[in-house]
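Participant:
In our numbering, the protein residues as written are 72 to 466.
1) For a quick check, are the C-beta atoms of residue 172 and residue 205 less than 8 Å apart?
2) Going along the chain, which residues of its own chain have a beta-carbon closer than 6 Å to the beta-carbon of residue 311, five neighbours each way excluded?
3) By how many angstroms is the C-alpha of residue 347 removed from the C-alpha of residue 446?
4) So, are the CB atoms of residue 175 and residue 99 less than 8 Å apart?
5) Below 6 Å CB to CB, which residues in the same chain sit around residue 177 once its five sequence neighbours on both sides are set aside?
6) How long is the line joining the alpha carbons of residue 414 and residue 95, rounded to whole angstroms?
7) Report the three-state DSSP secondary structure of residue 152 (helix, strand or coil).
8) Leaving out five residues on either side along the sequence, give the residues of the same chain with a beta carbon under 6 Å from the beta carbon of residue 250.
9) Measure the C-alpha to C-alpha separation of residue 89 and residue 155 and round it to an integer number of angstroms.
10) Give a yes or no on contact between the region 278-287 and the region 437-446, applying the rule of three or more CB pairs nearer than 8 Å.
11) Determine, using beta carbons only, whether residue 278 and residue 319 come nearer to each other than 8 Å.
12) For residue 381, which residues from the same chain have a beta carbon less than 7 Å from its beta carbon, with the 5 sequence-adjacent residues on both sides left out?
13) I believe residue 322 touches residue 290 by the beta-carbon criterion, under 8 Å. Please report the beta-carbon distance rounded to the nearest angstrom.
14) If contacts are defined as beta-carbon pairs under 8 Å, then residue 527 and residue 343 qualify, I think. What distance do you get, rounded to the angstrom?
15) Would you mind stating whether residue 243 and residue 149 have Cβ atoms separated by less than 8 Å?
16) If you measure between the beta carbons of residue 314 and residue 365, is that distance less than 8 Å?
17) Residue 343 by DSSP, collapsed to three states: which one?
18) What residues in its chain sit with their C-beta under 7 Å from that of residue 349, if we drop five residues either side in the sequence?
19) Do you know offhand how far residue 472's Cα is from residue 334's?
20) Assuming residue 402 and residue 133 are in contact, meaning their beta carbons sit under 8 Å apart, how far apart are those beta carbons, in whole angstroms?
21) Within a Cβ cutoff of 8 Å, which residues of the same chain sit near residue 233, ignoring the five residues on either side of it in sequence?
22) Please go through the region 120-208 and give each complete alpha helix (DSSP H) segment of 4 or more residues, from N-terminal end onward.
23) Check for me: the alpha helix (DSSP H) holding residue 383 runs from which residue to which?
24) When the Cα atoms are used, what is the spatial distance from residue 369 to residue 356?
25) Exposed or buried, which one is residue 108 when buried takes at least 16 other CB atoms within 10 Å?
26) How long is the line joining the alpha carbons of residue 140 and residue 186, rounded to whole angstroms?
27) Could you name the residues of the same chain whose beta carbon sits closer than 6 Å to that of residue 246, not counting the 5 residues immediately before and after it, in chain order?
28) From residue 396 to residue 214, what distance separates their C-alpha atoms?
29) DSSP three-state call for residue 251: helix, strand or coil?
30) On a CA-only basis, which of 316, 399, 439 is nearest residue 353? Give me that one, please.
31) Where does residue 105 land, buried or exposed, given buried means 16+ other C-beta within 10 angstroms?
32) Once the 5 residues before and after residue 91 are set aside, which same chain residues still bring their CB inside 7 Å of it?
33) How would you write the range of the alpha helix (DSSP H) that residue 452 sits in, first residue to last?
34) Are residue 337 and residue 330 closer than 8 Å when you measure CB to CB?
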């Protein structure tokens, strides 16, 4: 496993900073809208605009990444993030908050996808596992930091928030200066063969996609209903719900260090499937538990499991996707897997009309049992797929 180049860490830190700015922006303006406009529906438009904007631009971004320098696209993403900051310097009306949300969402999506493409193009396959571990740690760090900065600013220093946001984005820009890389347009693969390769690749991944689709939707439902669990069922203070959310990220950081220290822990498909199975008793425990403290501990264990599953699968995914179609495939994966979010949310919203909130966690825990059976069938096959093209331009 080779040592990761400085370029990787520079681009990763730039991505962390943009993630912090997006997280802080979301926390700050969700509260801002509730406080000044007194309407939950208007608040709910923020995540809706974010998800819609991200999905709309996924395919165009994927095509751009397959044709052009990924580090330049990452640089332009950081530059784009300055636009909503400038807008909000002069306008804080609801319309401009929504417009800024859409722009920042596009910038954040570009940044994440370009970083993945840069990792694919500039690292050797033997470095993908280590890179995935660091990336998962980075995602959790940016999530935690963004939540803290946004929460502290909206509570104590709202007048300084836009200046803090400006400083974070400028720092992200300064660390994302582009570098040279070989263009995919120089490869021998034609457009037609690229489309055929993409379709052929999707066919190999049907089972894996179904598992990812289901698990993503179920966990998005957890995010939606965990606040109801703590408020309506456990009758606990908001601090306990906050801790429940935060310790998932802390667990994720801990689990990422485990995968970094023992890379072989995720090398076996059956072992990964067993980790997926462990979701079931944990979720059942959250649904049954009468104590917020027990739920917080179980949430931490969920966080530990996520990188034990995601890191090796992400590393394998990065290795097996041919470089010439990497952007297209990642765009398809984003749209397909994210499509489970509205479907699962609608389904469990209907269930919540006649069932207590804690029962939703029990139902999700039970659904994970057949999902585990499917994962035992498809994940070992997924890990056996032959890797894509070899590295052409290592740093």
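Using N, Cα and C, we set each Cβ at its ideal position, and we do this for glycine too. Remember, it's a predicted structure, so these values are computed and weren't measured experimentally.
Facilitator: The short version:
1) no
2) 301, 363
3) 8 Å
4) Contact flag unset, no.
5) Taken in chain order, the residues that qualify are 124, 128.
6) 27 Å
7) coil
8) 142
9) 13 Å
10) As far as the Cβ criterion goes, the region 278-287 touches the region 437-446, which means the pair count is three or higher.
11) Against a cut-off of 8 Å, the Cβ pair of residue 319 and residue 278 comes out as no contact.
12) 207
13) Not quite, the Cβ-Cβ distance comes to about 13 Å (not below 8 Å), so this is no contact.
14) Residue numbering for the chain in the displayed model covers 72 to 466; residue 527 lies beyond these limits and cannot be assessed.
15) yes
16) no
17) helix
18) Excluding residues within five positions, the ones whose Cβ falls inside 7 Å are 376.
19) The question about residue 472 has no answer, for the chain in this structure spans 72 to 466.
20) The beta-carbon distance between residue 402 and residue 133, rounded to whole angstroms, is 3 Å. This is short enough to meet the 8 Å contact definition.
21) 156, 159, 160
22) 141-151, 153-161, 165-193
23) 363-391
24) 8 Å
25) exposed
26) 11 Å
27) 81, 84, 85
28) Residue 214 has its alpha-carbon roughly 29 Å from the corresponding atom of residue 396.
29) In the structure shown, residue 251 sits in coil (DSSP, three-state: anything other than H, G, I, E or B).
30) With respect to the C-alpha of residue 353, the residue from 316, 399, 439 having the closest C-alpha is 439.
31) exposed
32) 213, 216, 217, 220, 239
33) 428-454
34) Contact: yes.
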